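Here the structure comes first, spelled out in structure tokens, and everything after it is commentary.
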Ligand SMILES: NC(=O)c1ccc[n+]([C@@H]2O[C@H](COP(=O)([O-])OP(=O)(O)OC[C@H]3O[C@@H](n4cnc5c(N)ncnc54)[C@H](O)[C@@H]3O)[C@@H](O)[C@H]2O)c1
């Protein structure tokens with residue numbers, strides 16, 4: 006068991022490691038014994054992790070960063086150092102309205118293209134790419150876009166209409182193309198709304214629980230930032246799946262209604278295509294559990310405390 010675990014330790018490049026998701030992912034990977042190099046525009050202070058300030062939208066910088074030193078003290082190798090064992094690509098603008106739309110599209114798509122191209126050409130065999138559940142496209146559409154069926158699984162139609170989500174879908178296609186051309190494993194994570202450990206008792210989760218009719222846009226799902234780290238670790242341990250897309254969400258629906266009851270009430274005419282767990286998140290993580298063996302550790306009910314704002318509501 007110990008030997009099997011050791012055999013999977015590696016030199017892992019994380020992009021966007023200074024950000025919200027990246028920091029949690031790095032914590033999880035360090036806890037599992039990996040060596041990390043962080044590529045980001047901004048530095049991060051973390052013992053034992055070097056940040057190489059890198060603009061991923063610049064291909065030359067990406068090729069250099071993936072084929073260079075990991076620490077100032079590391080001796081120069083003869084020839085090129087070996088490629089990283091894996092790249093976990095989180096960097097990018099995480100939503101619209103941070104920069105003008107065209108700049109978001111340019112930077113997020115060019116960055117992902119550059120990471121996939123450089124990693125594959127340098128011989129990296131495993132890449133994890135951050136996409137988003139926004140690709141399902143129920144936000145920002147003209148009129149009232151709805152899911153066509155439940156649960157929302159990875160083969161559900163995707164039709165994003167906003168720039169951030171369109172760029173994410175482009176990145177999924179880029180990832181698929183590179184996986185097919187190089188025979189690499191590229192696992193795309195359609196990440197749900199990321200909740201940090203300190204955010205369970207803030208406005209978003211309060212509204213998730215007490216106003217579920219507002220949260221079609223998140224598929225009544227969330228991802229704990231630490232569990233996202235667990236998903237990346239699970240992705241590192243599983244090989245040979247080629248190109249895959251996984252919803253990256255936690256197990257449970259983000260309110261107190263049994264799933265079928267809520268969906269029947271809000272969308273009485275939308276088909277439910279299979280049996281679902283009583284409190285399964287409609288934007289389901291069943292595939293990542295089945296194929297990567299992911300197991301969540303951070304159920305929201307363990308941390309949420311704002312039950313008493315509405316009398317009569319209490320946890321099980
Ligand atoms: N936060 C969420 O709820 C959420 C939901 C779905 C998907 N995602 C995706 O997860 C990833 C991480 O999101 P986050 O919440 O940690 O965002 P974040 O803004 O906290 O972190 C992103 C990091 O990427 C870096 N970055 C951006 N552009 C870069 C570039 N050109 N070169 C190098 N570094 C660059 C930023 O400096 C930042 O540190 C993103 O791809 C985002 O789209 C996030």
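Numbering (the numbering used here), first residue to last: 6 to 321. The C-beta atom is built at its ideal place from N, Cα and C for all residues, glycine as well. All values reported here derive from a predicted model rather than from experimental measurement.
- Look at the alpha carbon of residue 311 and the alpha carbon of residue 208, and state the distance between them as a whole number of angstroms. 10 Å
- Item | Test item: CB-CB of residue 288 and residue 157 under 8 Å | yes
- Message: Taking only three categories from DSSP, how would you classify residue 9?
- Response: At residue 9 the pLDDT is 38, less than 50, meaning the model places this residue with poor confidence and gives no usable figure here.
- Alpha-carbon to alpha-carbon, residue 196 and residue 259: 15 Å
- Item | Runs of beta strand (DSSP E) wholly within the region 64-123 (minimum 3 residues, chain order) | 91-94
- Task: Leaving aside the five residues before and after residue 14 along the sequence, list all residues of the same chain whose C-beta is less than 7 Å from its C-beta, in chain order.
- Result: 38, 39
- Compute the Euclidean distance between the alpha carbons of residue 9 and residue 241, then round it to the nearest angstrom. Low per-residue confidence applies at residue 9: pLDDT is 38, beneath 50, and the placement is therefore not dependable enough to give any value.
- Message: Please identify the residue among 84, 107, 77, 98 whose C-alpha is closest to the C-alpha of residue 22.
- Response: 98
- Item | Cutoff 6 Å; reference residue 299; Cβ partners in own chain excluding five residues on either side | 236, 239, 293
- Query: In terms of DSSP beta bridges, what is residue 134 paired with?
  - Reply: 94, 193
- Query: At which residues does the beta strand (DSSP E) containing residue 253 begin and terminate?
  - Reply: 248-253
- Mind reading off the beta-carbon distance from residue 131 to residue 190? Whole number of angstroms is fine, and I expect it under 8 Å. 5 Å
- Any idea what DSSP makes of residue 155, helix, strand or coil? strand
- Task: Apply the 10 Å Cβ neighbour rule to residue 77 and answer buried if 16 or more other Cβ atoms are within range, or exposed otherwise.
- Result: exposed
- Below 8 Å on the Cβ atoms is my guess for residue 96 versus residue 20; work out the distance and round it to an integer in Å. 4 Å
- Message: Helix, strand or coil for residue 269? Go by DSSP, reduced to three states.
- Response: helix
- Task: Put residue 171 into one of helix, strand or coil per three-state DSSP.
- Result: helix
- Item | Separation of residue 42 from residue 2, as counted between CA atoms | Outside the displayed span of the chain (6 to 321) sits residue 2, for which this structure offers no information.
- Query: Can the beta-carbon of residue 168 be found less than 8 Å from the beta-carbon of residue 101?
  - Reply: yes
- Just the Cα atoms here: how many angstroms apart are residue 199 and residue 210? 11 Å
- Message: Any heavy atom of ligand 1 inside 7 Å of the beta-carbon of residue 144?
- Response: no
- According to the Cβ coordinates, are residue 226 and residue 255 closer than 8 Å? yes
- Would you say residue 71 touches ligand 1, meaning its beta carbon is less than 7 Å from a heavy atom? no
- Query: Which class does residue 20 belong to by DSSP, given the choice of helix, strand or coil?
  - Reply: strand
- Tell me, which residues are paired with residue 45 by DSSP? 58
- Which term fits residue 136, buried or exposed, when burial requires 16 or more other beta carbons within 10 angstroms of its beta carbon? buried
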